[in-house]
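Colleague: Okay, handing you the structure first.
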Amino acid sequence: MTFINLEDETGMVNVVCSVGLWARYRVLAQTAPALLVRGRVQNAEGAVTVVADRLQRMDLRVGTRSRDWQ
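Terminal number for the sequence shown in UniProt numbering: 70, no gaps in between.
Here's what the structure looks like:
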């Protein structure tokens, strides 16, 4: 099993990848600027986790800028 923690401005989500899924998508997950995760949501005692069955690359269409607040 591989565990991934994804975060954006709205919060965090824990993702669990099986050995086979991680073997199939490892390079994509390590190189993509953003990921689309498809899977089953589990809520055990308030801890929400997505058990992934597919990962997909998402390209960022909006350029990012440095946020220098000086």
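Every residue, glycine too, gets a C-beta built ideally from N, C-alpha and C.
Can you look up valine 62 in the DSSP assignment and give me helix, strand or coil?
Modeller: Correct three-state label for valine 62: coil.
Colleague: Going by C-alpha to C-alpha distance, which of Gly39, Thr49, Gly46 and Ala34 sits closest to leucine 21?
Modeller: Nearest option by C-alpha distance: Gly39.
Colleague: Taking the CB atoms as reference points, tell me whether leucine 60 and leucine 35 lie closer together than 8 Å.
Modeller: No, they are not a contact pair.
Colleague: Can you list, in chain order, the residues of its chain with a C-beta nearer than 6 Å to that of arginine 54? Leave out the 5 residues immediately preceding and following it.
Modeller: So the list reads Arg38, once near-sequence residues are dropped.
Colleague: Give every residue of the same chain whose Cβ lies closer than 7 Å to the Cβ of valine 41, excluding the five residues on either side of it in the sequence, and list them in chain order.
Modeller: Counting only Cβ-Cβ distances below 7 Å, and skipping sequence neighbours, we find Val48 and Val50.
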